[in-house]
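**Q** Residue numbers (the UniProt record's numbering): 1 to 139.
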Ligand SMILES: Cc1cc2nc3c(=O)[nH]c(=O)nc-3n(C[C@H](O)[C@H](O)[C@H](O)COP(=O)(O)O)c2cc1C
């Protein structure tokens, strides 16, 4: 089965609390290992940026489920590709809230200082995700 990577942006629903974000990550970490999915969930107060990688059918099935989730909206695919290698082989779902460190990483790939994934090119979003991995690894 083809290995694929999908990166999307979405907007956090108005009523979403920190606890709810934690429960999303928990659900992802519980569900993803059985499907062989790995990836990263990055967010600030307004937006999610998620990278999902794994078998094409599993990435698609999970993404369809995620799209129906009322905890976010305006879901836009930024990048979708067949790949030969995962970025996150060790992470069923890396969880990364915005911080001063991640903001500096973001500035490498963006022309605006406030994180907004909708303004990013697919290739820049991919570059960001790869660079954020280094932040995860050193935590
Ligand atoms: C931003 C966001 C990211 C999510 N990421 C995942 C994920 O990586 N894997 C997963 O199984 N569910 C993820 N979920 C949760 C799914 O949307 C869904 O609630 C969960 O898979 C349970 O689906 P079910 O109730 O249809 O069984 C995510 C939800 C949101 C809002």
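We put the beta carbon where it would ideally sit given N, CA and C, even for glycine.
Just to confirm, does residue 65 get its C-beta within under 7 Å of one of the non-hydrogen atoms of ligand 1?
**A** In the chain shown, counting from the first residue as 1, residue 65 sits at position 65. Within the cutoff, so yes.
**Q** So, are the CB atoms of residue 126 and residue 79 less than 8 Å apart?
**A** Residue mapping note: residue 126 aligns to position 126 of the chain shown, counting from 1. Residue mapping note: residue 79 aligns to position 79 of the chain shown, counting from 1. Yes, the pair counts as a contact, with Cβ atoms nearer than the cut-off.
**Q** Would you kindly check if the distance between the Cβ of residue 44 and the Cβ of residue 115 is under 8 Å?
**A** Looking up residue 115 in the chain shown gives position 115. Looking up residue 44 in the chain shown gives position 44. Against a cut-off of 8 Å, the Cβ pair of residue 44 and residue 115 comes out as a contact.
**Q** Count the other C-beta atoms from every protein chain shown that fall within 10 angstroms of the C-beta of residue 24, then say buried if there are 16 or more, exposed otherwise.
**A** Numbered from its first residue, the chain shown carries residue 24 at position 24. Burial call: buried.
**Q** Where does residue 132 fall in DSSP's three states?
**A** Against the chain shown, residue 132 aligns to sequence position 132. Helix at residue 132.
**Q** Would you check whether ligand 1 has a heavy atom nearer than 7 Å to the C-beta of residue 37?
**A** For the purposes of this step, residue 37 is identified with residue 37 of the chain shown, where counting begins at 1. It does: the Cβ of residue 37 is within 7 Å (strictly closer) of some heavy atom of ligand 1.
**Q** Using the Cα positions of residue 72 and residue 11, report the straight-line distance between them to the nearest angstrom.
**A** Position 72 of the chain shown, counted from the first residue, corresponds to residue 72. Position 11 of the chain shown, counted from the first residue, corresponds to residue 11. Their Cα atoms are separated by approximately 5 Å.
**Q** With a CB to CB cut of under 7 Å and the five nearest residues on each side skipped, what residues in its chain are close to residue 112?
**A** Numbered from its first residue, the chain shown carries residue 112 at position 112. Only 119 meet the Cβ criterion.
**Q** In whole angstroms, what separates the C-alpha of residue 124 from that of residue 29?
**A** On the chain shown, position 124 is the one that residue 124 refers to. On the chain shown, position 29 is the one that residue 29 refers to. Distance between the alpha carbons of residue 124 and residue 29: 26 Å.
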